[in-house]
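A.B. asks: Numbered per my numbering, the sequence shown finishes at 309, counting up by one with no gaps.
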Amino acid sequence: MNGTIFNIEHYAIHDGPGIRTTIFFKGCPLACLWCHNPEGLSVKPQIVYYRQRCVGCKKCVSLCTAGALSPRDGGISFDAGKCRLCGRCAESCPAEALEKVGRSVTAAEVIAEAEKDRIFYEESGGGVTFSGGEPFLQADFLRECLTLAKTRGLHTAVETSGFAPREAVEKAAPYVDLFLFDVKHIRAAEHRKYTGADNAPIKANLRRLSELGKEIVLRMVVIPNVNDDKEALEELCCFLRDETSVRTVNLLPLHKSASEKYRRLGREFAIEDFETPDDERMAAAARLFAEYGFRMLIDGQ
Ligand code: SF4
Ligand code: SF4
């Protein structure tokens, strides 16, 4: 079986215990305004253009038989609607100003790549993490990667928003050692406003994984005046304490370093006006979770 990924990161240290290899699956059913990996939103591969690298040679324009590229202002303009994703322009650009993001791979290829880091896993207690995008959007491919990883004796983690069919989550769960469960907002209306989706299935999956006895670390990006008011955090704490087995919470500060990625993809960066939390604000949120008895991890994203 083939799946589509957009990156493999070696020596990752924020995606679960120890030193890890993180596999980024392409495609996500949510549309969080603060998504840090917009290149992972579409399940299809994409062409990305780096204007500042382009030397205006027009080689790509003459190669593109689909008519998706044309000269413009000393560089090129790209029409995604006409692009057939053949990748020839990116392969031949002398300035690496075009990149095809996303490639089709087999589960065996993914695990073979992860196994190159086995020595680091053994020394650090690490393993392989499946992230995205949303890995459950390619649920069958994810399960194949997970079962293969377990047959090779690797520790497995899945970073998920939990917005996935219950059946897919249940089928994958036996092969997952750790869930990194990203919660965006506990309240339904706000969740819909900022992610475009209902959070009821997310809460149901979190409850179900708790019933199954899975190890879960809850992760949340702290965004001032969006999801860090005291009432919302207390509501989240009560839900976690009363309805789930989550005991560890990892708070991450919002940052805006993805703005350049949005520009390259021709997407609007909708959080320009959002505040980033200072240390005091992060500490206040962490204190509140700690008062409810959660073990806290505070990390950069
Ligand atoms: S081939 Fe590369 S450098 Fe030349 S015009 Fe196209 S994008 Fe720019
Ligand atoms: S990927 Fe292929 S079709 Fe798309 S712009 Fe490049 S050369 Fe044209």
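Yeah, the Cβ is synthetic: ideal placement off N, Cα and C, and Gly gets one too. It should be emphasised that the depicted structure is a prediction, and the values quoted were computed from it without experimental measurement.
1. Closer than 7 Å to a non-hydrogen atom of ligand 1 - does that hold for the CB of Ala-105?
2. Using a Cβ-Cβ cutoff of less than 6 Å, which residues in the same chain neighbour Glu-223 once the five nearest sequence positions on both sides are dropped?
3. Would you check whether ligand 2 has a heavy atom nearer than 7 Å to the C-beta of Ile-210?
4. Check each candidate in His-163, Val-234 and Lys-34 and name the one with the smallest Cα separation from Ile-194.
5. For Val-118, which residues in the same chain have their Cβ closer than 6 Å to its Cβ, ignoring the five residues on either side in sequence?
6. Do the CB positions of Phe-33 and Ile-55 come within less than 8 Å of each other?
7. According to DSSP, is His-22 part of a helix, a strand, or is it coil?
8. Can you look up Asp-190 in the DSSP assignment and give me helix, strand or coil?
9. Is Lys-279 near ligand 1, with its Cβ less than 7 Å from a heavy atom?
10. Can you find the residues in the same chain that come closer than 8 Å, C-beta to C-beta, to Leu-145, ignoring five residues on each side of it along the sequence?
11. Do the stretch 210-219 and the stretch 163-183 touch if we need at least three Cβ pairs shorter than 8 Å?
12. So, under 8 Å CB-CB, Leu-162 and Ala-122 are touching, yes? Tell me the CB distance rounded to an integer number of Å.
13. Distance check for Glu-243 and Ala-291, CA to CA, integer angstroms please.
14. Start and end of the beta strand (DSSP E) containing Ile-210?
15. Comparing the CB of Ala-293 with every heavy atom of ligand 2, is any distance shorter than 7 Å?
C.D. replies: Put simply:
1. Against the sequence shown, residue 105 aligns to sequence position 97. At least one heavy atom of ligand 1 lies less than 7 Å from the C-beta of Ala-105.
2. The residue labelled residue 223 in the question sits at position 215 within the sequence shown. Closer than 6 Å at Cβ, skipping near neighbours: Leu-186.
3. By 1-based counting over the sequence shown, the position of residue 210 is 202. Incorrect: Ile-210 has no Cβ contact closer than 7 Å to ligand 2.
4. If you number the sequence shown from 1, residue 194 lands on position 186. Of His-163, Val-234 and Lys-34, the smallest CA-CA separation from Ile-194 is found for Val-234.
5. Taking the sequence shown and counting its residues from 1, one reaches residue 118 at position 110. Contacts found: Ile-31 and Cys-153.
6. Mapped onto the sequence shown, residue 33 falls at position 25. Mapped onto the sequence shown, residue 55 falls at position 47. Taking 8 Å as the Cβ cut-off, Phe-33 and Ile-55 do not qualify as a contacting pair.
7. Position 14 of the sequence shown, counted from the start, is the residue given in the question as residue 22. Annotated three-state conformation of His-22 is coil, per DSSP.
8. Working through the sequence shown from its first residue, we reach residue 190 at position 182. Residue state for Asp-190 is assigned as strand, using DSSP reduced to three classes.
9. Within the sequence shown, the letter at position 271 stands for residue 279. The sequence given here has Ile at residue 279, not Lys. Ligand 1 has no heavy atom closer than 7 Å to the beta-carbon of Ile-279.
10. Numbered from 1 along the sequence shown, position 137 holds the residue referred to as residue 145. Excluding sequence neighbours, Leu-145 sits near Phe-33, Gly-35, Cys-36, Pro-37, Val-51 and Ala-172.
11. They touch, by the three-pair rule.
12. The sequence position of residue 162 within the sequence shown is 154, counting from 1. The sequence position of residue 122 within the sequence shown is 114, counting from 1. Cβ-Cβ separation between Leu-162 and Ala-122: approximately 7 Å, consistent with a contact (criterion under 8 Å).
13. For the purposes of this step, residue 291 is taken as residue 283 along the sequence shown, with counting starting at 1. For the purposes of this step, residue 243 is taken as residue 235 along the sequence shown, with counting starting at 1. Computed Cα separation, rounded: 18 Å.
14. Translated into the one-based positions of the sequence shown, residue 210 becomes position 202. Element bounds for Ile-210: not the beta strand (DSSP E) but the alpha helix (DSSP H), 208-219.
15. Taking the first residue of the sequence shown as position 1, residue 293 is located at position 285. Flag unset: Cβ of Ala-293 not near ligand 2.
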